Amino acid sequence: IAKDIFLLGCYTGARCSDLGLLKKKHLKILADGEMEWELFQAKGRRVRAVKIFIVPKARKILEKYLDGNKEDEYIFSQSPAVTNRIIKEIGKGAGITEPVTKVNYSGKNRVEVTRPKYSWLSLHTGRRTFITLLCANGMPDHEIQSLSGHASPREMKPYRSVLSQNVRAGLINAFEERDRMVGHEPK
Numbered sequence: 653i654a655k656d657i658f659l660l661g662c663y664t665g666a667r668c669s670d671l672g673l674l675k676k677k678h679l680k681i682l683a684d685g686e687m688e689w690e691l692f693q694a695k696g697r698r699v700r701a702v703k704i705f706i707v708p709k710a711r712k713i714l715e716k717y718l719d720g721n722k723e724d725e726y727i728f729s730q731s732p733a734v735t736n737r738i739i740k741e742i743g744k745g746a747g748i749t750e751p752v753t754k755v756n757y758s759g760k761n762r763v764e765v766t767r768p769k770y771s772w773l774s775l776h777t778g779r780r781t782f783i784t785l786l787c788a789n790g791m792p793d794h795e796i797q798s799l800s801g802h803a804s805p806r807e808m809k810p811y812r813s814v815l816s817q818n819v820r821a822g823l824i825n826a827f828e829e830r831d832r833m834v835g836h837e838p839k
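Numbering (the working numbering), first residue to last: 653 to 839.
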């Protein structure tokens, strides 16, 4: 169940709290037969309606849990804490063990924490994956915001900063490929 919840986050960009509150009644079958998830995200005093198109892979996951579920029952009974623990175990088992350092600031003090990459995995990683992939594929910010519930492009900045690593790697690869094509080796 943890893997399915995580993948649903990757396919929908839903917040972990929204995944935990998902009920059958929130899922609508449209006139064309496609599925949509209508939810209301609350942040502070602001409540925002968000409609999430359910892609075929996400629908296949959901259909495993919808059978026998009543309209007003939660689809997933597993708590986010348990799901996050299992996601970390899956990551460790998959060999996602390279060390990753995260830097935070407490006042003026810089605090570095280095742990194996799997230990950073969580349900939120699914949401980040969704948004990062949409950004990387050139979807306009306003369209991503309508799916993710972010109120402004500024709120999406943390997701965009991840892409700078892709740009750097792409730039290096482009020049290495160019050098191979023209027969030059870097000195």
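By construction, the Cβ of each residue, glycine as well, lies at the ideal position given by its N, Cα and C atoms. Small disclaimer: the values here were computed from a predicted structure and weren't measured.
Have a look at residue i and residue j and give me their C-alpha separation to the nearest angstrom.
i, j, result
"Ala654", "Ser669", "14 Å"
"Asn756", "Val765", "8 Å"
"Pro768", "Ala821", "22 Å"
"Arg779", "Leu773", "11 Å"
"Asn789", "Asn721", "36 Å"
"Leu660", "Thr777", "11 Å"
"Arg667", "Leu775", "8 Å"
"Glu723", "His802", "28 Å"
"Gly665", "Arg806", "17 Å"
"His794", "Leu671", "22 Å"
"Ile706", "Tyr663", "8 Å"
"Val763", "Gly696", "29 Å"
"Ala733", "Glu829", "44 Å"
"Glu750", "Leu674", "34 Å"
"Met791", "Leu785", "9 Å"
"Asn761", "Gln693", "34 Å"
For a test of the three-state rule: what should DSSP assign to residue i, helix, strand or coil?
i, result
"Ser901", "For the chain, the structure presents residues 653 to 839; residue 901 sits outside this window and is missing."
"Lys760", "coil"
"Ala733", "helix"
"Phe692", "strand"
"Arg667", "coil"
"Arg779", "helix"
Should residue i go down as buried or exposed, given a rule of 16 or more other Cβ atoms within 10 Å for buried?
i, result
"Phe827", "exposed"
"Ser758", "exposed"
"Thr735", "buried"
"Ile681", "exposed"
"Ser804", "exposed"
Leaving out five residues before and five after residue i in sequence, what residues of the same chain have Cβ atoms less than 6 Å from its Cβ?
i, result
"Gln730", "Ile653"
"Phe728", "Ile657"
"Asn825", "none"
"Lys754", "Val765"
"Thr781", "Cys662"
By Cβ distance below 8 Å, which residues in the same chain neighbour residue i in space, the five residues on each side in sequence not counted?
i, result
"His678", "Trp689, Glu690 and Leu691"
"Lys676", "Leu718, Asn721, Lys722, Glu723, Asp724, Glu725 and Ile727"
"Ile748", "Pro768, Lys769, Tyr770 and Leu773"
"Lys716", "Asp656"
Excluding five sequence neighbours on each side, which residues of the same chain lie with their C-beta closer than 7 Å to the C-beta of residue i?
i, result
"Ser771", "Lys740"
inquiry  = Within 8 Å, do at least three Cβ pairs link the segment 679-687 to the segment 705-723?
reply    = Short answer: they touch.
ask   = Are three or more beta carbon pairs between the segment 736-747 and the segment 700-709 nearer than 8 Å?
value = Short answer: they don't touch.
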